[in-house]
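Asker:
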Amino acid sequence: MNIETKCLHEGYHPKNGEPVALPIYQSTTYRYDSTDAIGKLFDLSAEGYMYSRISNPTVCAVEDKIASLEGGVGALCTTSGQAASLISILNILSAGDHIVSAATVYGGTINLFAVTLKKFGIECTFVDADASEEELQKAFKINTKVVFGETIANPAIAIFDIEKFAKIAHKNKVPLIVDNTFATPILCRPIEFGADIVIHSTSKYMDGHAIQLGGVIVDSGNFDWKNGKFKEFTEPDESYHGVVYTEQFGKSAYIAKARVQLMRDLGAYPSANAAFLLNLGLESLPVRIEKHCKNAEVIAKYLNSCDKVEFVNYPTLEGNKYNDLARKYLPKGCSGVISFSIKGGREDAIIFMDSLKLAENVVHVADIRTCVLHPASSTHRQLTDDQLVAAGITPGLIRLSVGLENIEDILEDVKQALNQI
Ligand SMILES: *Cc1c(COP(=O)(O)O)cnc(C)c1O
11 MNIETKCLHE
21 GYHPKNGEPV
31 ALPIYQSTTY
41 RYDSTDAIGK
51 LFDLSAEGYM
61 YSRISNPTVC
71 AVEDKIASLE
81 GGVGALCTTS
91 GQAASLISIL
101 NILSAGDHIV
111 SAATVYGGTI
121 NLFAVTLKKF
131 GIECTFVDAD
141 ASEEELQKAF
151 KINTKVVFGE
161 TIANPAIAIF
171 DIEKFAKIAH
181 KNKVPLIVDN
191 TFATPILCRP
201 IEFGADIVIH
211 STSKYMDGHA
221 IQLGGVIVDS
231 GNFDWKNGKF
241 KEFTEPDESY
251 HGVVYTEQFG
261 KSAYIAKARV
271 QLMRDLGAYP
281 SANAAFLLNL
291 GLESLPVRIE
301 KHCKNAEVIA
311 KYLNSCDKVE
321 FVNYPTLEGN
331 KYNDLARKYL
341 PKGCSGVISF
351 SIKGGREDAI
361 IFMDSLKLAE
371 NVVHVADIRT
381 CVLHPASSTH
391 RQLTDDQLVA
401 AGITPGLIRL
411 SVGLENIEDI
421 LEDVKQALNQ
431 I
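Note that the sequence shown ends on residue 431 in our numbering; no numbers are left out.
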């Protein structure tokens, strides 16, 4: 099946006489005929739904759909993108371990890696993702256990060279995790370029309508957890009567462990109703993404021609330094998200933002409605000046998320707001 078809038909397959729409299984728990049957679930020797903190039929249908869209062996939904980032890392790393991450990643990811995970004894080195392989190799340490990057970095709109990072991660015998939130599997499937794990904030395009937070972790099934570096995968887990994940689950060891161990202990599993709504978003994702890309192209070109604009970050613009990477990784388009900097700096950026009539000033992005945000005074407020520069953020930078309104209306709004400066 092509991806548009998968968006509609994967995950849930109604049988004769069953409902066409994905049913909402609003139940915390599942009935079994015997104590023995439940005992087998706790030994992980039988498959089945145990409790809705770990799995639920509605959520699992959506997980199967997303796994199929990304080309993975399995997926695990979470209550937010942040929970997906956290669990994807904690499933591999413990105190004393080290992350190599691109510096151009979402502000919340930077805080998680640099501040909160540090308290758990996990260190992170942020690297310039555009550096050469030799330069990047210097960031690796004996305790490095994972490499992390974002397909289209929020809000720098930098494109992550997935193949380059997969190669260097694998040379160091560690997996590559890619946050594919902005691209979505419609525009890019990082597993095809060597990524081992893909995560998303489904709060963005996948949901698409700004109605609920969510996240997902997808396992490619390709990483060799038995290479000697990842003992939690190859040694008995005492909390499940000595189960060895690589033996019990084979190619799905990573995603099975994330579910039965971390989701059990951390409890960040979405509700059936949340999964139902996410599924609606997924059904129309391909048509929405295509239009977001088209509208953004027009707005990016217009902004690029304006005197009051210092620079525009949109990978397909002529002369943008990511032209080649965009052609390789995002041939169908680069999403609806643009960032650009106003010449007059912070003050004029705020005048522009406050003058918009159609575009909404919100803490959100990748939504059906056009919206704007000033990263330096909101999502990236906690970062130091050095971190801001490393993340590609200037004081006048505005993130504009182009929606699905008529392009003439969006253009007119941008024009009139620029005229107020
Ligand atoms: C929003 C976002 C996140 C965090 O997701 P939440 O659902 O808000 O927790 C992570 N990565 C990227 C790229 C994002 O845009």
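Note that CB positions come from ideal geometry on N, CA and C, so glycine has one too. Nothing here was measured: the structure is a model prediction, and the numbers come from that model.
Hey, would you say residue 149 sits closer than 8 Å to residue 125, going by beta carbons?
Answerer: Position 139 of the sequence shown holds residue 149. Position 115 of the sequence shown holds residue 125. No; because the gap between Cβ atoms is not below 8 Å, this pair is not in contact.
Asker: How many angstroms separate the CA atom of residue 421 from the CA atom of residue 344?
Answerer: Position 411 of the sequence shown, counted from the start, is the residue given in the question as residue 421. Position 334 of the sequence shown, counted from the start, is the residue given in the question as residue 344. Their Cα atoms are separated by approximately 19 Å.
Asker: Starting from the Cα of residue 18, find the closest Cα among 31, 96 and 161 and give me that residue.
Answerer: Stepping through the sequence shown from its first residue, residue 18 is reached at position 8. Ranking 31, 96 and 161 by Cα distance to residue 18 puts 31 first.
Asker: Since residue 186 sits in a beta bridge, which residues does DSSP pair it with?
Answerer: One-based indexing of the sequence shown puts residue 186 at position 176. Beta-bridge pairing links residue 186 to 157.
Asker: Determine contact between the stretch 399-406 and the stretch 354-364, defined as no fewer than three beta-carbon pairs at a distance below 8 Å.
Answerer: Result yes; three or more Cβ-Cβ pairs closer than 8 Å.
Asker: If I measure Cβ to Cβ from residue 256 and keep anything under 8 Å in the same chain, skipping five residues before and after, which residues do I get?
Answerer: As a working mapping, residue 256 is identified with position 246 in the sequence shown. Correct list, in chain order: 235, 236, 243, 244 and 263.
Asker: Answer yes or no: the CB of residue 192 versus the heavy atoms of ligand 1, is any distance below 7 Å?
Answerer: Mapped onto the sequence shown, residue 192 falls at position 182. Yes.
Asker: Residues in the same chain with beta-carbon distance under 6 Å from residue 219, minus the five sequence neighbours each way, listed in chain order, please.
Answerer: Here the question's residue 219 lines up with position 209 in the sequence shown. 378.
Asker: At which residue ranges does the stretch 263-347 contain complete alpha helix (DSSP H) runs of 4 or more residues, listed in the order of the chain?
Answerer: With a minimum length of 4 residues, the continuous alpha helix (DSSP H) runs that stay inside the stretch 263-347 are 263-267, 282-314 and 333-339.
Asker: Whose C-alpha, out of 72, 251, 297 and 334, is nearest the C-alpha of residue 55?
Answerer: Position 45 of the sequence shown, counted from the start, is the residue given in the question as residue 55. Among 72, 251, 297 and 334, the Cα nearest to that of residue 55 is on 251.
Asker: Sort 182, 429, 337 and 425 by Cα distance to residue 171 and report the nearest one.
Answerer: Here the question's residue 171 lines up with position 161 in the sequence shown. The option with the nearest alpha carbon to residue 171 is 337.
Asker: Less than 7 Å between C-beta atoms, sequence neighbours within five positions excluded: which residues of the same chain meet that for residue 153?
Answerer: In the sequence shown, counting from the first residue as 1, residue 153 sits at position 143. Excluding residues within five positions, the ones whose Cβ falls inside 7 Å are 106, 107 and 108.
Asker: Ligand 1 heavy atoms versus the CB of residue 128: any closer than 7 Å?
Answerer: Walking along the sequence shown from the start, residue 128 turns up at place 118. Flag unset: Cβ of residue 128 not near ligand 1.
Asker: Can you say whether residue 416 is buried or exposed, counting buried as having 16 or more other CB atoms within 10 angstroms of its CB?
Answerer: In the sequence shown, counting from the first residue as 1, residue 416 sits at position 406. Exposed is the call here.
Asker: From 116, 177 and 118, pick the residue whose C-alpha is nearest to that of residue 142; which is it?
Answerer: As a working note, residue 142 is residue 132 in the sequence shown. Residue 142 has its Cα closest to that of 177, out of 116, 177 and 118.
Asker: For residue 23, count neighbouring Cβ atoms within 10 angstroms of its own Cβ and tell me buried if that reaches 16, exposed if not.
Answerer: Locating residue 23 in the sequence shown gives position 13, counting from the first residue. Classification of residue 23: exposed, given that the 10 Å Cβ count is below 16.
Asker: Between residue 98 and residue 187, what straight-line distance do the alpha-carbon atoms span, to the nearest angstrom?
Answerer: Taking the sequence shown and counting its residues from 1, one reaches residue 98 at position 88. Taking the sequence shown and counting its residues from 1, one reaches residue 187 at position 177. Using only the alpha carbons, I get a separation of about 8 Å.
Asker: Three or more C-beta pairs closer than 8 Å, one from the stretch 304-320 and one from the stretch 117-136: is that the case here?
Answerer: No: the two stretches stay apart, fewer than three of their Cβ pairs being nearer than 8 Å.
Asker: Which value, in whole angstroms, describes the spacing of the CA atoms of residue 41 and residue 298?
Answerer: Along the sequence shown, one-based indexing puts residue 41 at 31. Along the sequence shown, one-based indexing puts residue 298 at 288. Answer to the nearest angstrom: the Cα atoms are 40 Å apart.
Asker: Could you tell me the boundaries of the alpha helix (DSSP H) in which residue 94 lies?
Answerer: Here residue 94 refers to the residue found at position 84 when the sequence shown is read from its first residue. Looking at the DSSP string, the run of the alpha helix (DSSP H) that includes residue 94 is 91-100.
Asker: Following a CB-centred definition, is residue 95 positioned closer than 7 Å to any heavy atom of ligand 1?
Answerer: Mapped onto the sequence shown, residue 95 falls at position 85. Yes, the Cβ of residue 95 comes within 7 Å of a heavy atom of ligand 1.
Asker: Confirm the yes/no value for this check: CB of residue 223, any heavy atom of ligand 1, distance under 7 Å.
Answerer: Here residue 223 refers to the residue found at position 213 of the sequence shown. Because some heavy atom of ligand 1 lies under 7 Å away, the Cβ of residue 223 counts as near it: yes.
Asker: Rounded to whole angstroms, how far is the Cβ of residue 227 from the Cβ of residue 85, which I believe are closer than 8 Å?
Answerer: For the purposes of this step, residue 227 is identified with residue 217 of the sequence shown, where counting begins at 1. For the purposes of this step, residue 85 is identified with residue 75 of the sequence shown, where counting begins at 1. Their Cβ separation, rounded to whole angstroms, is 6 Å, which keeps residue 227 and residue 85 in contact under 8 Å.
Asker: Excluding five sequence neighbours on each side, which residues of the same chain lie with their C-beta closer than 7 Å to the C-beta of residue 286?
Answerer: Numbered from its first residue, the sequence shown carries residue 286 at position 276. The answer, listed in chain order, is 32, 34 and 68.
Asker: Would you decide whether residue 433 is buried or exposed? Buried here means 16 or more other CB atoms lie within 10 Å of its CB.
Answerer: This structure cannot speak to residue 433, because the chain is shown only from 11 to 431.
Asker: Cβ of residue 156 versus every heavy atom of ligand 1: is any distance shorter than 7 Å?
Answerer: Along the sequence shown, read from residue 1 onward, the residue named residue 156 stands at position 146. Every heavy atom of ligand 1 is 7 Å or more from the Cβ of residue 156, so no.
Asker: Do you know how far the Cα of residue 63 is from the Cα of residue 274?
Answerer: Indexing the sequence shown from 1 puts residue 274 at position 264. Indexing the sequence shown from 1 puts residue 63 at position 53. The straight-line gap from Cα to Cα measures roughly 6 Å.
Asker: Just curious, the alpha helix (DSSP H) that residue 47 is in, first and last residue?
Answerer: In the sequence shown, counting from the first residue as 1, residue 47 sits at position 37. From DSSP, the alpha helix (DSSP H) with residue 47 extends over 45-52.
Asker: Which same chain residues, not among the five before or five after residue 92, have their C-beta less than 6 Å away from its C-beta?
Answerer: As a first step, residue 92 must be located in the sequence shown, where it is residue number 82. If we look at residue 92 and ignore the five residues flanking it on each side, its Cβ neighbours are 118.
Asker: In the DSSP output, what is residue 86 paired with across the bridge?
Answerer: Translated into positions along the sequence shown, residue 86 becomes position 76. Partner(s): 227.
Asker: Look up residue 259 in the DSSP assignment and say whether it is helix, strand or coil.
Answerer: Here residue 259 is taken as the residue at index 249 of the sequence shown, counted from 1. Looking at residue 259 - three-state DSSP - the assignment turns out to be helix.
Asker: Please name the residue or residues paired with residue 351 in a DSSP beta bridge.
Answerer: Translated into positions along the sequence shown, residue 351 becomes position 341. Partner(s): 321 and 407.
Asker: On the criterion of 16 or more Cβ atoms from any shown chain inside 10 Å, does residue 418 qualify as buried, or is it exposed?
Answerer: Indexing the sequence shown from 1 puts residue 418 at position 408. Result: exposed.
Asker: What are the boundary residues of the beta strand (DSSP E) that residue 111 is part of?
Answerer: The residue given as residue 111 occupies position 101 in the sequence shown. First-last of the beta strand (DSSP E) with residue 111: 108-112.
Asker: Among 246, 168, 222 and 158, which residue has its Cα nearest to the Cα of residue 204?
Answerer: Within the sequence shown, the letter at position 194 stands for residue 204. Answer by Cα proximity: 158.
Asker: Measuring only the C-alpha atoms, how far is residue 198 from residue 192?
Answerer: The residue you call residue 198 lines up with position 188 of the sequence shown. The residue you call residue 192 lines up with position 182 of the sequence shown. Rounded to the nearest angstrom, the two C-alpha atoms are 9 Å apart.
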